[in-house]
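Report on the following structure.
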Amino acid sequence: MGVEKEFLTLIGQYLPRETYLVGGFVRDYLLGREIKDIDLIVRNDAKNCAQLLAKRLKGSYFGFEKNNLPLRGEVYTVLIPFRGKDIRVDISSFERLEEDLAHRDFTINAMAWRLEDFLSNRENLIDPFGGREDLKRRLIRAVSPTSFDEDPLRILRAYRLAQHLDFAVEPSTRRLIVEKAPLLNSVAPERILGEIMEIFSKKGTYKTLKALKKDDIDIYTFVGKITSKPILG
Numbered sequence: 002m003g004v005e006k007e008f009l010t011l012i013g014q015y016l017p018r019e020t021y022l023v024g025g026f027v028r029d030y031l032l033g034r035e036i037k038d039i040d041l042i043v044r045n046d047a048k049n050c051a052q053l054l055a056k057r058l059k060g061s062y063f064g065f066e067k068n069n070l071p072l073r074g075e076v077y078t079v080l081i082p083f084r085g086k087d088i089r090v091d092i093s094s095f096e097r098l099e100e101d102l103a104h105r106d107f108t109i110n111a112m113a114w115r116l117e118d119f120l121s122n123r124e125n126l127i128d129p130f131g132g133r134e135d136l137k138r139r140l141i142r143a144v145s146p147t148s149f150d151e152d153p154l155r156i157l158r159a160y161r162l163a164q165h166l167d168f169a170v171e172p173s174t175r176r177l178i179v180e181k182a183p184l185l186n187s188v189a190p191e192r193i194l195g196e197i198m199e200i201f202s203k204k205g206t207y208k209t210l211k212a213l214k215k216d217d218i219d220i221y222t223f224v225g226k227i228t229s230k231p232i233l234g
């Protein structure tokens with residue numbers, strides 16, 4: 002049993018049956034990449050689940066991060082000690098699973114695996130938007146035409162994920178990005194800075210900057226806005 006399954010078996014004792022692995026965890030597991038964080042969704046009770054994990058496993062509960070996306074509740078974070086390091090677990094609630102997945106950013110992040118099935122080695126991956134096939138084809142594809150309207154920061158995230166995974170942005174998604182690029186002006190500069198720092202933190206930065214420039218997205222405009230803001234003392 003891998004470290005991921007050992008840890009998930011441990012925390013699974015305190016989680017409801019309707020618990021699903023989602024997002025980056027499923028993507029990176031299927032790609033055979035190192036798992037750094039655990040992304041979970043539970044039916045309607047994320048806060049209590051997070052607090053219970055922290056209490057039973059001597060973890061640190063960090064409350065929630067506000068999530069403004071449609072039908073997506075707050076994300077509750079717990080750091081749980083395991084084998085000499087802290088593992089981050091992010092938990093949010095859902096009402097209807099496929100609806101939750103439909104409002105995620107890209108198909109490769111819109112898959113779910115019931116925790117019970119994952120631990121039992123059952124191949125019951127829930128993949129309504131073809132994310133597994135896009136993993137095989139190494140493509141970043143928007144889940145829906147409204148993906149960037151829901152959160153324009155996903156525009157930069159598409160390039161960042163393509164860079165970090167060595168994938169390509171799927172052509173129709175790239176055309177949609179060009180169309181929706183002006184929406185980036187509505188995003189808080191601090192959020193944009195976070196994505197820019199991620200782009201500069203890994204190899205392939207030059208290639209990503211070229212792609213952004215080709216699509217008329219000038220990240221230096223946003224850097225200028227951030228650095229020109231007054232610092233409050």
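In my numbering, the protein residues as written are 2 to 234.
Cβ coordinates follow ideal geometry from the N, Cα and C atoms, glycine included.
Here the structure is a predicted model, which is why all the values come from computation and not from measurement.
Burial state of residue i, where buried means 16 or more other Cβ atoms lie within 10 Å
i	result
S94	buried
G24	buried
R97	exposed
Q14	exposed
P153	buried
Y77	buried
G60	buried
T10	exposed
N125	exposed
L1	The requested residue 1 is not part of the displayed model; the chain covers only 2 to 234.
T147	exposed
C-alpha distance - residue i paired with residue j, whole-angstrom precision
i	j	result
N45	K214	42 angstroms
I220	T209	11 angstroms
V188	M112	26 angstroms
L41	Y207	34 angstroms
E191	H104	23 angstroms
I218	G85	42 angstroms
A163	R175	11 angstroms
K204	D87	26 angstroms
E5	I36	7 angstroms
R138	F130	14 angstroms
P172	R57	47 angstroms
R89	V179	34 angstroms
K48	A143	29 angstroms
G195	F223	11 angstroms
Y62	F83	15 angstroms
Residue i: first and last residue of the uninterrupted beta strand (DSSP E) it sits in
i	result
I42	D38 to R44
L80	V76 to F83
R89	K86 to F95
Residue i (DSSP reduced to helix, strand or coil)
i	result
R105	coil
T10	helix
Y15	coil
S202	helix
A189	coil
V4	helix
R115	strand
S121	coil
I218	coil
S145	coil
G60	coil
L210	helix
Extent of the continuous alpha helix (DSSP H) to which residue i belongs
i	result
F26	G24 to L32
K137	G132 to R138
R158	R155 to L166
I178	P172 to K181
Inter-residue CB distance, residue i and residue j (contact presumed, cutoff 8 angstroms)
i	j	result
V79	L54	5 angstroms
L140	I193	That pair is no contact at about 24 angstroms.
L16	V43	7 angstroms
Short CB-CB distance (under 7 angstroms) between residue i and chain B
i	result
T20	Note that chain B does not occur in the displayed structure, where there is just one protein chain.
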